[in-house]
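Participant: Shown below is the structure under consideration.
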Amino acid sequence: MNNIKFKNRYEASYTFLRIVNKVTEIDGQTRKYGTNEWLHEAEIYMIKSIKENEGIHVIGISELLGITKGAVSQIIKKLEKKNMIIKAVDPNNLSKLNLRLTAEGEIAYRHHE
15 MNNIKFKNRY EASYTFLRIV NKVTEIDGQT RKYGTNEWLH EAEIYMIKSI
65 KENEGIHVIG ISELLGITKG AVSQIIKKLE KKNMIIKAVD PNNLSKLNLR
115 LTAEGEIAYR HHE
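Using my numbering, you'd call the opening residue of the sequence shown number 15 and step up by one each time.
In structure tokens form, the structure reads like this:
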């Protein structure tokens, strides 16, 4: 009798694990979010962070999201190439670049929300 209960729990836990893995796989896929560009999950979260913190800079995003400045820079470069964001020199601190969304970035943000 104990073997049957153990087998059912064992099968149930693996079924649950397969479901979680499938959801993670689906969630990690790229989407267009109403634009012509495919965006990864990390990119759309970066767009969301920039929109909700208008004028934020690389260090600010790094601290906000808890990722390295290098990772932020790589994602920003990709988003610039996809015409989702633009960088502008901070008028109060010429060594910082503020980030904001382009019209395409705004569309992606709205579709994500």
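For each residue, glycine too, the CB sits at the ideal point set by N, CA and C. For clarity, every value in this text was computed on a predicted model and none was experimentally measured.
1) DSSP three-state label for N35, please.
2) Do E68 and R114 come within 8 Å of each other at the CB atom, strictly closer than that value?
3) Per the contact definition of three or more C-beta pairs closer than 8 Å, is the segment 70 to 80 in contact with the segment 104 to 118?
4) Are the Cβ atoms of E51 and K91 separated by less than 8 Å?
5) Enumerated in chain order, which unbroken segments of the alpha helix (DSSP H) with a length of 4 residues or greater are wholly contained in the segment 27 to 110?
6) Please report how far the alpha carbon of K36 lies from the alpha carbon of H126, in whole angstroms.
7) Could you name the residues of the same chain whose beta carbon sits closer than 7 Å to that of H54, not counting the 5 residues immediately before and after it, in chain order?
8) Taking the alpha helix (DSSP H) that E120 falls in, what are its first and last residues?
9) Could you check how far apart the C-beta atoms of T82 and M98 are, in whole angstroms? I think they sit under 8 Å.
10) When you compare the CB positions of G48 and A102, do they come within less than 8 Å of one another, or not?
Facilitator: Concretely, from the data shown:
1) Secondary structure of N35 (DSSP, three-state): helix.
2) Result yes, Cβ atoms of R114 and E68 sit closer than 8 Å.
3) yes
4) No.
5) Here the runs fully enclosed are 55 to 66, 72 to 79, 83 to 95.
6) 21 Å
7) T44
8) 117 to 126
9) Incorrect: roughly 20 Å between the Cβ atoms, too far for contact.
10) no
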